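Worksheet: the structure to be examined is printed underneath.
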């Protein structure tokens, strides 16, 4: 042994490592094999073996590579991996450090997808002209998803928050796997046949590219296009784009976003209505006070001392009409929430209240214009007299002009 | 019926806005203003009643073996 060079284990291993990792030897090799012994470590690193009939090689995919993958590795999956061969000294084991993976057959899958997309596009399946508008305020939404999907709970809770009164009908379907295509097509037909549903939402959460592949199926695209009701498609995450999305009348980035597109927020609409009511009240109030000013100045002119009586009558009728409107309005609305009630309360300033309750009445054509004087009325005509507590319809027997 | 009533909601909101605009200009005769106001208030009431309807149903469609479909209440 004397004179011989003795290496430590570490020294020998490093020598081998040096040979294997020499720059241009195995720095970038493409290897085809089947995934086995797959372990997804909590750190994000993925350990597995690549094997074929004759051999096996340990492989590792570091977390930065694993995170950037567009699909998930599965046990038994056949892949082509790009990597460099390294040696892990502690175990004396060489391994493939993988930087890129393509599932075998995915290239063919994508080529077929592009072909199908072109074919369907030529048929006009994705044309903007065939997109149906969404209903402004749906009463019943048919949701197609899996009964157990987390997306279902999200969609229902968003619907309840935005428009509590909307009806929701789940049309359950298998959203992934071999039977999902037939199931989704079937559910689309069923949902479209529900008479009182006015919108269909097709939704599922994110998943691997294989999981979402159902929504690239020709039959699913055709079933979406065949729907008479508008369809919103919400498949996967924002970055996932399927043929179903292209065929639908509207594409939502996520199931939750689909419900936000489908339903306006009832609170926004109610405050809009409230603003409209108070806007009308303000306009009318300013109109009335402008008229009152004109009436006062005209009535106070000496030459108007007699005709002023007719104007007074008119003013009373205006007061009465305002009161009646306000009463009818506030009675009906007070039942429907205090916020609107507050807006209507501003109407009280429209006119002095209670003119009618002091015994005055006013007369108009039924449901129509106020009668300003006897010249507006013909014998035989039906007129409506308004009291503080209701109205009377009468037929005119005679018309007498001048002081009664 | 539903399609019709949805269009009506949209139309009612548009008509309400139109009325607000007309009253805002303020050059209409008083009688006409009052009639418009009455119409607007009624539209506002209809629309807000529609929005404040009772909470909607949550159901699931069930396919029967004979090809018909049924619904049953759904718990989330």
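Residue numbers (my numbering), protein chains in the order written: chain A, 88 to 491; chain B, 135 to 210. From the three backbone atoms N, C-alpha and C, an ideal C-beta is built for every residue, glycine too. These numbers were taken from a predicted model, which means no experiment stands behind them.
Taking only the alpha-carbon atoms, compute the straight-line gap between residue i and residue j and give it to the nearest angstrom.
| i | j | result |
| --- | --- | --- |
| residue 423 of chain A | residue 362 of chain A | With a pLDDT of only 46 at residue 423 of chain A, under 50, the local geometry of the prediction cannot be trusted, and the value read off the model is given with reservation. Between residue 423 of chain A and residue 362 of chain A, the C-alpha separation is close to 16 Å. |
| residue 167 of chain B | residue 201 of chain B | 58 Å |
| residue 208 of chain B | residue 179 of chain B | 32 Å |
| residue 169 of chain A | residue 95 of chain A | 33 Å |
| residue 150 of chain A | residue 130 of chain A | 7 Å |
| residue 376 of chain A | residue 383 of chain A | 10 Å |
| residue 122 of chain A | residue 142 of chain B | 60 Å |
| residue 213 of chain A | residue 181 of chain B | 35 Å |
| residue 452 of chain A | residue 275 of chain A | 55 Å |
| residue 215 of chain A | residue 333 of chain A | 10 Å |
| residue 379 of chain A | residue 450 of chain A | 20 Å |
| residue 188 of chain B | residue 472 of chain A | 38 Å |
| residue 92 of chain A | residue 146 of chain A | 33 Å |
| residue 477 of chain A | residue 407 of chain A | 12 Å |
| residue 201 of chain A | residue 166 of chain A | 22 Å |
| residue 285 of chain A | residue 160 of chain B | 40 Å |
| residue 147 of chain B | residue 315 of chain A | 26 Å |
| residue 156 of chain B | residue 357 of chain A | 21 Å |
| residue 227 of chain A | residue 283 of chain A | 7 Å |
| residue 125 of chain A | residue 137 of chain A | 10 Å |
| residue 309 of chain A | residue 317 of chain A | 14 Å |
| residue 162 of chain B | residue 171 of chain B | 12 Å |
| residue 293 of chain A | residue 244 of chain A | 19 Å |
| residue 223 of chain A | residue 193 of chain A | 41 Å |
| residue 242 of chain A | residue 192 of chain B | 12 Å |
| residue 139 of chain A | residue 161 of chain A | 16 Å |
For residue i, does the count of other Cβ atoms within 10 angstroms reach 16, so buried, or fall short, so exposed?
| i | result |
| --- | --- |
| residue 431 of chain A | Low confidence applies to residue 431 of chain A: its pLDDT is 46, below 50, so where it sits in the model is not reliable, and the reading given next is rough at best. Label assigned to residue 431 of chain A: buried. |
| residue 195 of chain B | buried |
| residue 480 of chain A | exposed |
| residue 346 of chain A | buried |
| residue 484 of chain A | exposed |
| residue 199 of chain B | exposed |
| residue 220 of chain A | exposed |
| residue 97 of chain A | exposed |
| residue 155 of chain A | exposed |
| residue 336 of chain A | buried |
| residue 312 of chain A | buried |
| residue 145 of chain B | exposed |
| residue 338 of chain A | buried |
| residue 427 of chain A | Confidence at residue 427 of chain A is low in this model, with a pLDDT of 48, below 50, so its placement is unreliable and the value that follows should be read with caution. Label assigned to residue 427 of chain A: buried. |
| residue 112 of chain A | exposed |
| residue 143 of chain A | exposed |
Which residue wins for smallest C-alpha separation from residue i, given the options the options?
| i | options | result |
| --- | --- | --- |
| residue 178 of chain A | A:354, A:352, A:100 and A:287 | A:100 |
| residue 108 of chain A | A:323, A:352 and A:171 | A:171 |
| residue 185 of chain A | A:228, A:140 and A:135 | A:135 |
| residue 106 of chain A | A:174, A:140 and A:90 | A:174 |
| residue 344 of chain A | A:153, A:448, A:330 and A:288 | A:288 |
| residue 189 of chain A | A:142, A:120, A:311 and A:360 | A:120 |
| residue 474 of chain A | A:458, A:338, A:456 and A:448 | A:448 |
| residue 526 of chain A | A:181, A:246, A:230 and A:140 | Lying before the first or after the last residue shown, residue 526 of chain A is absent from chain A, which here runs from 88 to 491. |
| residue 210 of chain B | A:240, A:224 and A:163 | A:240 |
| residue 330 of chain A | A:342, A:161, A:470 and A:203 | A:203 |
| residue 174 of chain B | A:489, A:360 and A:142 | A:360 |
| residue 489 of chain A | A:328, A:340, A:460 and A:354 | A:460 |
Confirm, please, whether the CB-CB distance from residue j to residue i is below 8 Å.
| i | j | result |
| --- | --- | --- |
| residue 326 of chain A | residue 290 of chain A | no |
| residue 150 of chain B | residue 185 of chain B | no |
| residue 183 of chain A | residue 118 of chain A | yes |
| residue 299 of chain A | residue 264 of chain A | no |
| residue 79 of chain A | residue 462 of chain A | Nothing can be reported for residue 79 of chain A: it is not among the residues displayed for chain A, which extend from 88 to 491. |
| residue 267 of chain A | residue 235 of chain A | no |
| residue 158 of chain A | residue 297 of chain A | yes |
| residue 272 of chain A | residue 307 of chain A | yes |
| residue 365 of chain A | residue 158 of chain B | no |
| residue 278 of chain A | residue 319 of chain A | no |
| residue 374 of chain A | residue 164 of chain B | yes |
| residue 270 of chain A | residue 256 of chain A | no |
| residue 367 of chain A | residue 183 of chain B | no |
| residue 482 of chain A | residue 467 of chain A | yes |
| residue 153 of chain A | residue 133 of chain A | yes |
| residue 321 of chain A | residue 281 of chain A | no |
Chain A contacts made by the stretch 187-205 of chain B, where a contact means CB separation under 9 Å | Residues of the stretch 187-205 of chain B with a C-beta atom less than 9 Å from some C-beta of chain A are 187, 188, 189, 190, 191, 192, 193, 194, 195, 196, 197, 203 and 205, listed in chain order.
Between the stretch 134-145 of chain A and chain B, which residues of the former have a C-beta closer than 7 Å to a C-beta of the latter?
-> The residues in question: there are none.
Below 9 Å between beta carbons is the criterion; list the residues of the stretch 355-377 of chain A that meet it against any residue of chain B, in chain order.
-> Answer set for the stretch 355-377 of chain A: 356, 357, 359, 360, 361, 362, 363, 364, 366, 367, 368, 369, 370, 371, 373, 374, 375 and 377.
Listed in chain order, which residues of the stretch 235-254 of chain A have Cβ atoms closer than 9 Å to some Cβ of chain B?
-> Here the close residues are 239, 240, 243, 244, 246, 247, 250, 251, 252, 253 and 254.
Output, in sequence order along the chain, the residues in the stretch 96-127 of chain A whose CB is closer than 7 Å to any CB in chain B.
-> If the cut-off is 7 Å between Cβ atoms, the stretch 96-127 of chain A has nothing near chain B.
Any residues in the stretch 449-465 of chain A with a beta carbon nearer than 7 Å to a beta carbon of chain C? Which ones, in chain order?
-> You won't find chain C in this structure, because its protein chains are A and B.
Using a beta-carbon distance cut-off of less than 7 Å, what residues from the stretch 304-331 of chain A approach chain B?
-> Those would be none; no residue qualifies.
For the stretch 254-280 of chain A, which residues have a beta carbon sitting closer than 7 Å to at least one beta carbon of chain B?
-> Of all residues in the stretch 254-280 of chain A, 254, 255, 256, 257, 258, 259 and 277 have a Cβ within less than 7 Å of some Cβ in chain B.
For the stretch 148-160 of chain B, which residues have a beta carbon sitting closer than 8 Å to at least one beta carbon of chain A?
-> If the cut-off is 8 Å between Cβ atoms, the stretch 148-160 of chain B has 150, 151, 153, 154, 157, 158 and 160 near chain A.
Chain-ordered residues of the stretch 217-234 of chain A with a beta carbon less than 8 Å from chain B = For the stretch 217-234 of chain A, which is checked against every Cβ of chain B, the residues closer than 8 Å are 222, 223, 224, 225, 226, 227, 229 and 234.
Against chain B: residues of the stretch 335-355 of chain A by CB proximity under 8 Å = Cβ contacts with chain B: 353.
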